[in-house]
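Just so you know, the sequences run in chain order A and B.
Start counting the first sequence at 791; every next residue gets the next number (our numbering).
Start counting the second sequence at 224; every next residue gets the next number (our numbering).
Beta carbons are placed, not taken as given, at the ideal position from N, Cα and C, and that holds for glycine.
Following: one structure in structure tokens, then a few remarks.
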Amino acid sequence: MKPTEKTMSGAEIFFEALKREKVEYIFGYPGGANIKIYEQLYDIDHLTHILTRHEQGATHAADAYARATGKTGVALVTSGPGATNTVTGIATAYMDSSPLVVFTGQVQSHLIGNDAFQEADIIGITRPITKHNFLVRDIRELASTIRKAFYLANTGRPGPVVVDLPKDIIAAETTFEYPDTVDIRGYKPNYHGHHNQIKKAAEAVRNAKRPLFYVGGGVIMSNGSEELRVLADEHGIPVTMTLQGLGAYPGDKPLSLGMLGMHGTYWANRATGQCDLLVALGARFDDRVTGKLDTFAKNAYKIHVDIDPSAIDKNIVVDLPIVGDVKHILAGIAAELSGEELDFTEWRAQIDEWRAECPLSYEKADGKLRIPHIIERISEITKGNAVVTTDVGQHQMWTAQYYDFVNPRSLISSGGLGTMGFGLPAALGAAFGVKDRPIVNINGDGGWQMNIQELVTVKHHNLPIKMIVLNNSFLGMVRQWQELFHKEKYSFTDLESSNPDFVAIAEAFGIPSFSTGDVGEVDELLDKAFNKIDGPVFIEFKVEKEDMVFPMVPAGASVSEMIMERLNPKRMV
Amino acid sequence: MRHTVTVLVENRFGAFDRVANLFSGKGFNIHSISIGETEIREISRMTIVTEGDDHIIDQVIKQLNRLVDTLKVVNLTEHHRVERELALITVTYQKGNLEEIKNLADIFRAKIVDINNKSITVEVTGPPEKVNAAVNVMMPFGIKEMARSGTVALKRGEQPKPVKKELLLN
Ligand SMILES: Cc1ncc(C[n+]2csc(CCOP(=O)(O)OP(=O)(O)O)c2C)c(N)n1
């Protein structure tokens, strides 16, 4: 080191590195092991720190910020319990491939492994749920490690990266040097699909009679929605989407078949069963989508486009794999086919027949308040343009069915891990990332209680989140399974006698709060929430208790065994 | 089916764990695992012998490739390969059995590497099957302790001409 070079502390380097990564927000919680970083943060003005009220909240918020914006989400927590509290959030981000960097404090290097106060081996704990993780063992490696962490999180198939920062490293000093480029021998994501494979894919589309695009979250992540729209629209190719893929293609257009799979639409599942060409785009043939594997899209020639080679042939053996960035590859296929006249009219007419045969429907005649109605109204009032976060359960599936997502990065939901407690902190993360669209959290009365502390954060920052709790007094989705598959033993799913006064709770946090069980009041309350009150609003809708989400393909069954309605399981062909 | 997989991996903190974790995460039992330096110091070679479904091993290999610290993954099961293992076997030394042990060891080209008034330690190297056989013949003497290195393996070079059969044996 030249004597003239100025040294910086680990904490200073940390923030300088975040500045280089253009980080605008970090979601975090202080403690003993990261206190020096917080000391430094006190004088930092190039980013905003959001204090959540639980590290799980911070991690979900950072994850959702990433999903809503495409930028990398950042969380900062202390060692031991602070770090272990992020585990569910990290696993959630991992399963849905969300770019996230989590900085965990760690005890001093020489104490690691000694069962020191607030020590947890977070590297060991998070190894199977991170794309990669680092323990920084030398101050000279701090800057380059942070550089690598951000690079890994948001290139290739995105995912969470943990950086564990021992307390002594943060206090140590060295000169600052930030590498311009990252070169990791063992990590070279391939963005450009093989040209010949792209040509073959185009040829397959050309030869198909009944082509179908099966779109997953990868299309949204690669910002490939526009390329998808161009290709599908030019040739009139129908599109069905997974939960994570909703919004990749506008849900209000005739070519959209909505969601497929366990709670997918009848016509999307029929189309999947009958197509002769299935093009999987940034999707992973998850069991909630395929049902029984050997009957899934049985007669179709299958193309699988994915940036992650390990996703290929994982659940289903495909005929034509193309490894690369979906956006590039879609553009490539579109270019091959551009100007050609392909005619799929008959196929579309067939799908429309199915659509008419079994539309999504719910009981309206009895005038009772039902979740699908509320979601439909939210969809209409927000013109499909809101960023909607959900929790997990019936309300989540109904949101997927009844909200017409017209833009990508609109539905933020824990699909892979199915994490209850995700919705509220996710909404707060999304609200920091997206300022020009309405932000809605749709929640269940069960999930609402799983990160309810974040109401403080919402209120403190006066975030314009419209929080909708659909209170069916049950852990509804589990109740549905109990009714259908577990002898109607409603074991520990009835919350009626124990649920608290939700309005009183939200009011105690200082948030305008409303409640109704009357279908006639829905529009008025939603209008208030979306058009009259600027900041956060809480609405509890007391809905029918025992409704079920249909259609439903029982887990592990083949799609043809779809149950269409309660007590009257109309079987598909 | 039994598989021998070699993984070239950066010799970095946590890298070996990540590789081993992937096997356990897929429900694979690892029979043996050996790790050592390669011709390049910061790169290690892991040789893993495991048992499992062919389709799943393909998945494991893809996912091993996906790990940031792995450089090359080969399922050697599909290739001609040289496999070697080393075992140290300590048996009970009783009056009169030394000669017999020595003779048996000779058959396996094994060496006696330690001896005291209670025990004899034999070192044997070779393909895993040969080591197994050596262990079996030592069994009757009463094996007090045993350490096996686990298999190390390399792909055989291209062989342009047919090679005499014996040469391939060990
Ligand atoms: C952390 C967590 N625990 C348990 C579950 C299992 N689970 C899935 S859906 C569900 C019911 C959720 O009930 P509620 O939040 O009221 O939503 P509803 O299904 O009624 O819409 C449960 C318990 C889960 N997904 N996540």
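Original post:
Between residue 840(A) and residue 932(A), what straight-line distance do the alpha-carbon atoms span, to the nearest angstrom?
Top reply: Rounded to the nearest whole angstrom, the C-alpha separation of residue 840(A) and residue 932(A) is 23 Å.
**OP:** Using a cut-off of 7 Å between C-beta atoms, extract the partners of residue 1157(A) located in chain B.
**Re:** In chain order: nothing, as chain B lies at least about 52 Å away.
**OP:** Following the continuous beta strand (DSSP E) through residue 286(B), name the residue where it begins and the one where it ends.
**Re:** Run containing residue 286(B): none in the beta strand (DSSP E); it sits in the alpha helix (DSSP H), 277–289.
Original post:
Would you say residue 1099(A) faces chain B, with C-beta separation under 7 Å as the test?
Top reply: Yes, its Cβ sits closer than 7 Å to a Cβ of chain B.
Original post:
For the segment 895–910 of chain A, which residues have a CB atom closer than 9 Å to at least one CB atom of chain B, in sequence order?
Top reply: When C-beta distances to chain B are compared with 9 Å, every residue of the segment 895–910 of chain A stays at or above that value.
Original post:
Would DSSP call residue 389(B) helix, strand or coil?
Top reply: No answer about residue 389(B) holds up, because its pLDDT of 42 lies below 50 and its placement is not dependable.
Original post:
Helix, strand or coil for residue 849(A) per DSSP?
Top reply: Here residue 849(A) sits in helix by DSSP.
Original post:
Between residue 1317(A) and residue 1282(A), what straight-line distance do the alpha-carbon atoms span, to the nearest angstrom?
Top reply: Answer to the nearest angstrom: the Cα atoms are 36 Å apart.
Subject >> Neighbour flag for residue 395(B) against chain A, beta carbons, 7 Å >> reply: Because chain B spans 224 through 393 in this model, residue 395(B) falls outside it and cannot be assessed.
**OP:** Flag residue 235(B) as yes if its beta-carbon sits less than 7 Å from any beta-carbon of chain A, otherwise no.
**Re:** Closer than 7 Å: no.
Subject >> Amino acids of chain A, ordered along the chain, whose beta-carbon sits closer than 7 Å to that of residue 291(B) >> reply: 922, 942, 974, 976 and 977, listed in chain order.
Subject >> Minimum length 3: unbroken beta strand (DSSP E) runs contained in the segment 814–880 of chain A >> reply: Within the segment 814–880 of chain A, the runs of beta strand (DSSP E) that reach at least 3 residues and sit entirely inside it are, in chain order, 815–818, 838–841 and 863–867.
Original post:
Mind checking whether the beta-carbon of residue 1033(A) lies closer than 6 Å to any heavy atom of ligand 1?
Top reply: No; taking the cut-off as 6 Å, the Cβ of residue 1033(A) has no heavy atom of ligand 1 nearer than that.
**OP:** Please report how far the alpha carbon of residue 1172(A) lies from the alpha carbon of residue 1332(A), in whole angstroms.
**Re:** Taking the straight line from one Cα to the other gives about 21 Å.
Subject >> Within 8 Å of chain B by C-beta, residues of the segment 1035–1054 of chain A in sequence order >> reply: Using a CB distance below 8 Å, no part of the segment 1035–1054 of chain A faces chain B.
**OP:** Answer yes or no: does any C-beta atom of chain A fall closer than 7 Å to that of residue 307(B)?
**Re:** Output row for residue 307(B): interface = no.
Original post:
Do residue 471(B) and residue 305(B) have their C-beta atoms closer together than 7 Å?
Top reply: Only positions 224 to 393 of chain B appear in this structure, which leaves residue 471(B) out of reach.
**OP:** Compare the C-beta of residue 918(A) against all C-beta atoms of chain B and say whether one is closer than 7 Å.
**Re:** It does; some Cβ of chain B falls within 7 Å.
Original post:
In terms of alpha-carbon separation, which member of 233(B), 314(B), 277(B) and 353(B) lies closest to residue 345(B)?
Top reply: Of the candidates 233(B), 314(B), 277(B) and 353(B), the one whose C-alpha sits nearest the C-alpha of residue 345(B) is 314(B).
**OP:** Could you name the residues that DSSP lists as bridge partners for residue 1094(A)?
**Re:** Note: residue 1094(A) sits in a beta bridge opposite 1070(A) and 1111(A).
Subject >> Helix, strand or coil at residue 340(B) [DSSP, three-state] >> reply: When secondary structure is reduced to three states using DSSP, residue 340(B) falls in the coil class, being assigned neither helix nor strand.
Original post:
What is the DSSP secondary structure of residue 920(A), reduced to helix, strand or coil?
Top reply: In the structure shown, residue 920(A) sits in coil (DSSP, three-state: anything other than H, G, I, E or B).
Original post:
Can you tell me the Cα-Cα spacing of residue 263(B) and residue 864(A), whole angstroms?
Top reply: Approximately 36 Å between the Cα atoms of the pair.
Original post:
Going along chain A in order, which residues have a C-beta closer than 8 Å to the C-beta of residue 259(B)?
Top reply: Counting only Cβ-Cβ distances below 8 Å, residue 259(B) has no contacts in chain A at all, with the closest Cβ about 18 Å away.
Original post:
Can you find a heavy atom of ligand 1 that lies under 6 Å from the Cβ of residue 885(A)?
Top reply: Outside the cutoff, so no.
Original post:
Under three-state DSSP, which class holds residue 269(B)?
Top reply: DSSP places residue 269(B) within a strand segment (E or B) once states are collapsed to three.
Original post:
Can you give the beta carbon distance from residue 1141(A) to residue 1001(A), rounded, assuming they're within the 8 Å contact cut?
Top reply: Beta-carbon to beta-carbon, residue 1141(A) and residue 1001(A) are separated by about 11 Å, too far to satisfy the 8 Å threshold.
Subject >> ligand 3 heavy atom lying under 6 Å from the CB of residue 1267(A) >> reply: Of the ligands one can find in the structure shown, namely ligand 1, none is ligand 3.
**OP:** Establish whether the CB of residue 285(B) and some CB of chain A are separated by less than 7 Å.
**Re:** Interface residue, yes.
Original post:
Is the shortest distance between the beta-carbon of residue 1082(A) and the beta-carbons of chain B less than 7 Å?
Top reply: Judged by the 7 Å Cβ criterion, residue 1082(A) is not in contact with chain B.
Original post:
Using 8 Å as the Cβ pair cut-off and three pairs as the minimum, do the segment 257–275 of chain B and the segment 362–375 of chain B touch?
Top reply: Under the three-pair Cβ rule at 8 Å, the segment 257–275 of chain B counts as touching the segment 362–375 of chain B.
**OP:** Could you run through the segment 923–936 of chain A and flag, in chain order, every residue whose CB is less than 9 Å away from some CB of chain B?
**Re:** Result list: 923, 924, 925 and 927.
**OP:** Check whether the Cβ of residue 248(B) lies closer than 7 Å to any Cβ atom in chain A.
**Re:** It does: the Cβ of residue 248(B) has a partner Cβ on chain A nearer than 7 Å.
**OP:** Anything in chain B within Cβ reach of residue 913(A), meaning under 7 Å, just list it in chain order.
**Re:** 237, listed in chain order.
Original post:
What is the rounded straight-line gap between the Cα of residue 1062(A) and the Cα of residue 1188(A)?
Top reply: Approximately 21 Å between the Cα atoms of the pair.
**OP:** Using only alpha-carbon positions, find the residue among 1074(A), 1133(A), 1287(A) and 1338(A) that is nearest to residue 997(A).
**Re:** The candidate whose alpha carbon is nearest that of residue 997(A) is 1133(A).
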